[in-house]
Each structure stands twice: as structure tokens, then as C-alpha cells.
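Student: Per the numbering used here, numbering of the sequence shown is gapless, rising by one per residue and ending at 515. In this text, a Cβ means the ideal position worked out from N, Cα and C, and glycines have one as well.
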Amino acid sequence: MKVLHMNNKITQLIFGVVILLSLNQTCLAQLPNIVVINADDLGYGDLGCYGATKLKTPNIDKLAQGGRMFTDAHSASAVCSPSRYALLTGEYPIRHGNLYKPVFLKSKLVVDTNKETIASILKKAGYATACVGKWHLGFGTTEPVDWNKPLTPGPNELGFDYYYGVPVVNSHPPFVYVENHHVVGYAEDDPFVYGKTAKTKEVFEKMRLNEIGGANKAHALYVDEEVGTHLKNKALNWMKAQKDKPFLLYLATTNIHHPFTPAPQFVGTSDAGIYGDFVHELDWIVGEVMQTLEEMGVAENTLVILTSDNGGMFNATGQKTYKQGHKLNADLLGFKFDAWEGGHRVPFIVHWPKKIKAGEVSEQLISNVDMLATFAALTGQKLDDNQGRDSKNMLDAITGKTDKQLRTKILLAPLKDSHLTVRKGNWVYIGAQGGGGFTRGRHGAHAFGGPGAISYAGQVNSDIEDGKIKDDAAPAQLYNLEKDPSQATNLYHEFPKKVKEMQKLLESYLALEK
Numbered sequence: 002m003k004v005l006h007m008n009n010k011i012t013q014l015i016f017g018v019v020i021l022l023s024l025n026q027t028c029l030a031q032l033p034n035i036v037v038i039n040a041d042d043l044g045y046g047d048l049g050c051y052g053a054t055k056l057k058t059p060n061i062d063k064l065a066q067g068g069r070m071f072t073d074a075h076s077a078s079a080v081c082s083p084s085r086y087a088l089l090t091g092e093y094p095i096r097h098g099n100l101y102k103p104v105f106l107k108s109k110l111v112v113d114t115n116k117e118t119i120a121s122i123l124k125k126a127g128y129a130t131a132c133v134g135k136w137h138l139g140f141g142t143t144e145p146v147d148w149n150k151p152l153t154p155g156p157n158e159l160g161f162d163y164y165y166g167v168p169v170v171n172s173h174p175p176f177v178y179v180e181n182h183h184v185v186g187y188a189e190d191d192p193f194v195y196g197k198t199a200k201t202k203e204v205f206e207k208m209r210l211n212e213i214g215g216a217n218k219a220h221a222l223y224v225d226e227e228v229g230t231h232l233k234n235k236a237l238n239w240m241k242a243q244k245d246k247p248f249l250l251y252l253a254t255t256n257i258h259h260p261f262t263p264a265p266q267f268v269g270t271s272d273a274g275i276y277g278d279f280v281h282e283l284d285w286i287v288g289e290v291m292q293t294l295e296e297m298g299v300a301e302n303t304l305v306i307l308t309s310d311n312g313g314m315f316n317a318t319g320q321k322t323y324k325q326g327h328k329l330n331a332d333l334l335g336f337k338f339d340a341w342e343g344g345h346r347v348p349f350i351v352h353w354p355k356k357i358k359a360g361e362v363s364e365q366l367i368s369n370v371d372m373l374a375t376f377a378a379l380t381g382q383k384l385d386d387n388q389g390r391d392s393k394n395m396l397d398a399i400t401g402k403t404d405k406q407l408r409t410k411i412l413l414a415p416l417k418d419s420h421l422t423v424r425k426g427n428w429v430y431i432g433a434q435g436g437g438g439f440t441r442g443r444h445g446a447h448a449f450g451g452p453g454a455i456s457y458a459g460q461v462n463s464d465i466e467d468g469k470i471k472d473d474a475a476p477a478q479l480y481n482l483e484k485d486p487s488q489a490t491n492l493y494h495e496f497p498k499k500v501k502e503m504q505k506l507l508e509s510y511l512a513l514e515k
């Protein structure tokens, strides 16, 4: 009898474990897959659904028509690397100290591996995680980076099971691919050499080819016009391999960052020059992702988020397409790197047929810094107090459960720390004159920006005349975005109480800086 009783207990225990495992698998199956497409330098006016007419984006427009499009979304920084830091960690880059500028070839990893990221938090919830595309957050713990050794820590140490992509950016070296911790095609008898010119194709607005060379076999695998297609294929193949778990794909495209190198089939297809052609390639990539989700049978329960790391850039190619009648950032003032709206107000589209109604437009204030808290809430997790400190759960805004503003204020960082910007309600305050971004005064220059670029582009601002800041301009800037979304009139002198309120808010954020 004792043996029989013991066998019954063992049977019950085994049955209980099976039930728990089954329930766990059921819970995992109910969680949505998540695809975050973080385009590079895609401006607020670069998509048909946001008003573009000189180019066509049918796949992205379809994404918006089938989901929810945000009109007041912002990258936490108007600069690529700090913007990506905010997206991954849920923290303003000001908390990292002097993270205002892009990081490049020699930079170590700028993210503390003890930080939670959108990948690590989802991995805890049972997700498979991958980053494919542009990284631009550094590798390793020492500077300069030794590209002849394993590149660790990197994306894998921040929660991504798999990484494949461009290690820095398509405009700057090294022009190779990295898979997890290693340069693809690297051979010990063919090492990288700092100060040597790389054997890579010369393309307009592709820079610093003489900073690191060698590794000829690895460089040969990188073909500028094939980068978009190659990264797309890597992303799709990884998605197709996911069978047993929900997955996170962070697809950080090189489109539409300079140099503009669309695949041959897209050249000449837009009325906005090669800039528009590169947007067309991006739209095709998005379409391929959506088609693959359909073929996998998971499209209904996949949350797709399309956004950009910052506003459109007024580089030489951007200036040319502007002359052709395409406004990169629609009617917003300024460009990438600026504290003005054109620097950081970005497209933001969410698509999740199981949870999001089609064809909705939201005026919710939202930021890429909010994704960590949102994904934690989505998977029923609570962040520790020292994690994702600036991230706000925007799940109800994404799914349309509320029209109430969930976020009332935000910190926005341009290239220069002197121009840190705060938003509260409809008011925005910039703590200095000008845009705080590029200031090269000659059109045609890569770094053309500031008052000169504003006048050249035909934009209007009350502090600027003939490409210069007026002598009697206010020392800082205050705008009411509800009444003046294009920031034509600085209200600094008209609302001194509001200026003091916003200055105090800015000072509270400055206290966060290390």
C-alpha cells in the first residue's frame, strides 16, 4: 500500500509539473512578438502618411492605416548614439554624463551592462531576442577598440541573443559586418590597422576611409548598395527560425543615413532624388518584414513599431532633395542635431491587429525612451527603481485604451549640451539661442545648419534674419506648440512666468547629469 501511495504522489507531482509547463507555454504563446524598426535619420516629413508627396511609401502607409500613427512622438535625443541609448535603456542620455555626440570607431561600449534594456527585460519574460543592423553604441571596455580581438561586451551582453550588423554607422569606419562578438570574414593573417586606408568603395558622403584599413577580406564583404538588402535578409532569416518562443527583433536600418546607396532597383524611382530612392528602399524593407510575418502566421499577434532615431539631416544630399521640393521634416523648424522640433519629432507608427484598431491617429506625447517601461508592462514585469528611470509605460496609449495624456513632460537633447530642451504640456523651452546643432554657414557643406540653414530652407523664426541671430533676440526660446507647431515666434519676452517655470524644470533635469 505504501508503494502504491508513493507512486500516486509521484504521478501527481509529474502531472503538476506537466500542467505548469503547459500553462507556461500557453502564457508565452499569448505574448506578442515585437518588431522595432528603428530607421536612421528618417524625418517627420519623409513618409506618405505624414504628408510626403515627392516619394511613395505604400508599405509604411499600409502599416499606419492598419494601426495607430502618432503625431507628437520624439526621440530623446536629436543625435543617433544618445537616441539609441535612450531607446534601449529607458534613460535620458544626460544620465550617462557627456553622451551628446555620436560615438565612433575607437569608442568603448557606452551602455553599462548592469542596465536593463528592452532586450534583457523581454529575455526575462521568455523572449528570443535579436538586434540586426546599425549598433553605434561602441564595443568593449577599452579605447581605442581593438578590432582584431573579440568585440565584447557588446549587444550580446545587453540581452540580445543574436547580433548581426554594421558596428558603427554606414558613413564611418570600419566598413564591415559584425556577428555577435566577431568581425565577419576576419582572418588573423589579415588584421585591421589603424591609420591605414581601407579597401572599400568611395561614395559621396562616406567618410574617414583612412582611419582604419587592413582586414581586406572583411571589407570586401561590405558592398554599400547591398547593405539594406543584406541586413533585411539576416533579419528575416532570424525571424523565420523562431518557433517556440515569442521574439523581439530590433531592426536598426542604415536607411536613410548618408551615404545614400539604394540598391539599383530603387535608383531613379522617386521625385526626391537619391534621398527619396533610399526611402523607397526602406519602405520595401518594411514591406518584406510584414509579408514574412504573414507567411509565418504570426502577423495578428505581432506588435510592430516603426520610428526613427532623430529628424532628417540637412546634409548635402538633404539640401539637394529640399531644393527638389521635398521637406524632410515637413513644416517643423530645424533638422537633425537641433533642439528645434525638426531635430527630434519623428514618425512613430504602431501596428498590432490583435490589440490596436486600424486607422487611428494619436496626439499623445511619446518618446523612444518609453519603450523599456512599456515592454515591461506588456509582459507583466516591474522594473527595479534604478532601471529605466526616465521610461514611462505607454501601453494604454499604444493600444488606444486612453486619450488622456500619459506623459506631460520630457527632456530633449540636441548636439550641444548648452541647448538642452524641456517640454511641458504644449510648451517647449530651449535654454539658449539657435538650434544647438550643426552651425556650418555655407550651403552645400555637410554640416550646414543653424540660422543659415533655416534661412536657406525658407523657414521662419522670429529670432533669425538673413541667416543670423538678431542682435535683439532673447537669450533663450519659448514656444507654444499647440498654436505654433513650426516654432515661428519666440515667446520668451511675452511669458516671463512661464520662462521661469520652464527654467526651473530644466534645472531639475540638469541635476541628473553625472
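I'd like to confirm the pairing. Which residues does DSSP put opposite leucine 413 in its beta bridges?
Tutor: Taking the first residue of the sequence shown as 1, we reach residue 413 at position 412. Paired residues: Thr422.
Student: Is the separation between the beta-carbon of threonine 90 and that of lysine 116 shorter than 8 Å?
Tutor: Here residue 90 is taken as the residue at index 89 of the sequence shown, counted from 1. Here residue 116 is taken as the residue at index 115 of the sequence shown, counted from 1. Against a cut-off of 8 Å, the Cβ pair of lysine 116 and threonine 90 comes out as a contact.
Student: Identify the residues that DSSP records as bridge partners of histidine 173: which are they?
Tutor: Looking up residue 173 in the sequence shown gives position 172. DSSP, once it has assigned bridges, lists Val170 as partnering histidine 173.
Student: So the alpha helix (DSSP H) alanine 297 belongs to, where does it begin and stop?
Tutor: Taking the first residue of the sequence shown as position 1, residue 297 is located at position 296. Note that residue 297 is methionine in the sequence shown, not alanine. Here the alpha helix (DSSP H) through methionine 297 covers 274-297.
Student: Within 10 Å of its beta-carbon, does alanine 374 have 16 or more other beta-carbons around it, so buried, or fewer, so exposed?
Tutor: Numbered from 1 along the sequence shown, position 373 holds the residue referred to as residue 374. Classification of alanine 374: buried, given that the 10 Å Cβ count is 16 or more.
Student: From this set, Leu366, Phe336, Thr303 and Glu206, which residue's C-alpha is nearest valine 36's C-alpha?
Tutor: In the sequence shown, the residue the question calls residue 36 occupies position 35. Ranking the options by Cα distance to valine 36, first place goes to Thr303.
Student: Which of the three DSSP states is assigned to threonine 130 in this structure?
Tutor: Indexing the sequence shown from 1 puts residue 130 at position 129. Strand, per DSSP.
Student: How many angstroms separate the CA atom of asparagine 387 from the CA atom of valine 224?
Tutor: Here the question's residue 387 lines up with position 386 in the sequence shown. Here the question's residue 224 lines up with position 223 in the sequence shown. Their backbone Cα atoms lie some 42 Å apart in a straight line.
Student: Is the CB-CB distance between leucine 283 and isoleucine 257 below 8 Å?
Tutor: As a first step, residue 283 must be located in the sequence shown, where it is residue number 282. As a first step, residue 257 must be located in the sequence shown, where it is residue number 256. Taking 8 Å as the Cβ cut-off, leucine 283 and isoleucine 257 qualify as a contacting pair.
Student: Between valine 133 and aspartate 464, what straight-line distance do the alpha-carbon atoms span, to the nearest angstrom?
Tutor: Here residue 133 refers to the residue found at position 132 of the sequence shown. Here residue 464 refers to the residue found at position 463 of the sequence shown. Going from the Cα of valine 133 to the Cα of aspartate 464 covers about 42 Å.
Student: Can you grab the Cα-Cα spacing for the pair glycine 127 / valine 104, in whole Å?
Tutor: The residue you call residue 127 lines up with position 126 of the sequence shown. The residue you call residue 104 lines up with position 103 of the sequence shown. Their Cα atoms are separated by approximately 32 Å.
Student: How is valine 347 classed by DSSP in three states: helix, strand or coil?
Tutor: Numbered from 1 along the sequence shown, position 346 holds the residue referred to as residue 347. In the structure shown, valine 347 sits in coil (DSSP, three-state: anything other than H, G, I, E or B).
Student: Could you check where the beta strand (DSSP E) with leucine 306 kicks off and where it finishes?
Tutor: For the purposes of this step, residue 306 is taken as the residue at position 305 of the sequence shown. First, the amino acid is wrong: residue 306 is isoleucine here, not leucine. Element bounds for isoleucine 306: 303-309.
Student: Measure the alpha-carbon distance for histidine 220 versus tyrosine 195 and round it to whole angstroms.
Tutor: Taking the first residue of the sequence shown as 1, we reach residue 220 at position 219. Taking the first residue of the sequence shown as 1, we reach residue 195 at position 194. Each residue's Cα considered, the two are about 14 Å apart.
Student: So who's on the other strand from phenylalanine 248, going by DSSP bridges?
Tutor: Here the question's residue 248 lines up with position 247 in the sequence shown. Looking at the DSSP assignment, phenylalanine 248 forms a beta bridge with Ala129.
Student: Quick check on cysteine 81: does DSSP put it in helix, strand or coil?
Tutor: Along the sequence shown, one-based indexing puts residue 81 at 80. Three-state result, cysteine 81: helix.
Student: Mind checking which residues open and close the beta strand (DSSP E) that includes isoleucine 213?
Tutor: Looking up residue 213 in the sequence shown gives position 212. 213-215 is the span of the beta strand (DSSP E), which, as asked, contains isoleucine 213.
Student: Taking the alpha-carbon positions, what's the valine 370 to glycine 344 distance?
Tutor: Stepping through the sequence shown from its first residue, residue 370 is reached at position 369. Stepping through the sequence shown from its first residue, residue 344 is reached at position 343. Each residue's alpha carbon lies about 16 Å from the other.
Student: By the DSSP assignment, the alpha helix (DSSP H) with methionine 70 in it spans what residues?
Tutor: Taking the sequence shown and counting its residues from 1, one reaches residue 70 at position 69. Here methionine 70 belongs to no alpha helix (DSSP H); instead the beta strand (DSSP E) covers 69-71.
Student: Which of the three DSSP states, helix, strand or coil, is assigned to glutamine 26?
Tutor: Within the sequence shown, the letter at position 25 stands for residue 26. Because the pLDDT of glutamine 26 is 48, which lies under 50, any placement of that residue in the model is unreliable, and the question is left without a value.
Student: Quick one: is asparagine 99 buried, meaning 16 or more other Cβ sit within 10 Å of its Cβ, or exposed?
Tutor: For this step, residue 99 is matched to residue 98 along the sequence shown. Classification of asparagine 99: exposed, given that the 10 Å Cβ count is below 16.
Student: Quick one: residues in its chain with C-beta nearer than 6 Å to the C-beta of alanine 331, no 5 flanking neighbours on either side, listed in chain order?
Tutor: Residue 331 sits at position 330 when you count from the first residue of the sequence shown. Closer than 6 Å at the Cβ level, and outside the excluded window around alanine 331, lie Tyr45, Gly46 and Gly52.
Student: With DSSP run on the structure shown, which of helix, strand or coil describes glutamine 66?
Tutor: Counted from its first residue, the sequence shown places residue 66 at position 65. Of the three classes helix, strand and coil, the one that applies to glutamine 66 here is helix, per DSSP.
Student: Buried or exposed for leucine 24, please, with buried defined as at least 16 other CB atoms from any protein chain shown within 10 angstroms of its CB.
Tutor: For this step, residue 24 is matched to residue 23 along the sequence shown. In this prediction, leucine 24 has a pLDDT of 38, which is less than 50 and means its spatial position is unreliable; what the coordinates show is noted afterwards. The residue is exposed, with fewer than 16 neighbouring Cβ atoms inside 10 Å.
Student: Could you check where the alpha helix (DSSP H) with alanine 454 kicks off and where it finishes?
Tutor: Position 453 of the sequence shown, counting from 1, holds the residue named residue 454. That run of the alpha helix (DSSP H) goes 451-457.
Student: Compute the Euclidean distance between the alpha carbons of leucine 329 and phenylalanine 349, then round it to the nearest angstrom.
Tutor: By 1-based counting over the sequence shown, the position of residue 329 is 328. By 1-based counting over the sequence shown, the position of residue 349 is 348. If you take the alpha carbons of leucine 329 and phenylalanine 349, they lie about 15 Å apart.
Student: Are alanine 79 and leucine 416 touching if we call contact CB-CB under 8 Å?
Tutor: As a working mapping, residue 79 is identified with position 78 in the sequence shown. As a working mapping, residue 416 is identified with position 415 in the sequence shown. Result yes, Cβ atoms of alanine 79 and leucine 416 sit closer than 8 Å.
Student: Do the stretch 159-176 and the stretch 134-150 make contact, defined as three or more Cβ pairs closer than 8 Å?
Tutor: As far as the Cβ criterion goes, the stretch 159-176 touches the stretch 134-150, which means the pair count is three or higher.
Student: Using 10 angstroms around the beta-carbon of glycine 426, count the other beta-carbons present and answer buried if the total reaches 16, otherwise exposed.
Tutor: Residue mapping note: residue 426 aligns to position 425 of the sequence shown, counting from 1. So glycine 426 ends up on the exposed side.
Student: Could you check where the alpha helix (DSSP H) with alanine 448 kicks off and where it finishes?
Tutor: Numbered from 1 along the sequence shown, position 447 holds the residue referred to as residue 448. Where alanine 448 is concerned, there is no enclosing alpha helix (DSSP H), given that its DSSP letter is neither H nor E.
Student: Please report the straight-line C-alpha distance between glutamate 212 and proline 486, rounded to a whole angstrom.
Tutor: To locate residue 212, count along the sequence shown from 1; it is residue 211. To locate residue 486, count along the sequence shown from 1; it is residue 485. Roughly 42 Å between the two C-alpha positions.
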